[in-house]
Amino acid sequence: MEGFLGVDWGAFVVVFLVAFTASILVVGSYAVGLRLLSTGASVKERPLPATAGAIVCFAIGVAAVLYGLWLIIPQFH
Numbered sequence: 005m006e007g008f009l010g011v012d013w014g015a016f017v018v019v020f021l022v023a024f025t026a027s028i029l030v031v032g033s034y035a036v037g038l039r040l041l042s043t044g045a046s047v048k049e050r051p052l053p054a055t056a057g058a059i060v061c062f063a064i065g066v067a068a069v070l071y072g073l074w075l076i077i078p079q080f081h
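In this note's numbering, the protein residues as written are 5 to 81.
Given below as C-alpha cells:
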C-alpha cells in the first residue's frame with residue numbers, strides 16, 4: 005500500500021494542482037478575451053490592440069482544448 009487507503013496522495017495533490025492551475029488559466033484567458041472585446045461599443049470604436057489581444061486570449065483557450073483532446077484520444081499519439 006502506497007499510503008492511506010492505498011492512494012498515492014503526493015501524486016493526487018500534483019494532479020489536483022495542475023488541473024486547478026490549468027482551469028484558472030483557461031477561464032481567466034477567456035474572461036480577459038471577453039473583456040477586451042467589450043472595450044468599444046462597436047467594432048469601429050474598438051482599438052486594434054484590444055481586438056488582437058482578445059484573439060490571442062481565445063487562441064490560448066482553443067489550444068488548451070485541442071491539447072486536452074490530444075492527450076485523451078489515443079489514436080493521436
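For glycine and all other residues, C-beta sits at the position ideal for the given N, C-alpha and C. The structure displayed is predicted, hence computed values, not measured ones.
Open item on the list: Residues in the same chain with beta-carbon distance under 6 Å from I64, minus the five sequence neighbours each way, listed in chain order, please.
Closed with: S33
- [ ] Assign L40 to one of two classes, buried (16 or more other C-beta atoms within 10 Å of its C-beta) or exposed (fewer than that).
- [x] buried
Task: Cβ-Cβ separation, G37 to A67 (assumed contact under 8 Å), whole Å - done: Not a contact, Cβ separation roughly 13 Å.
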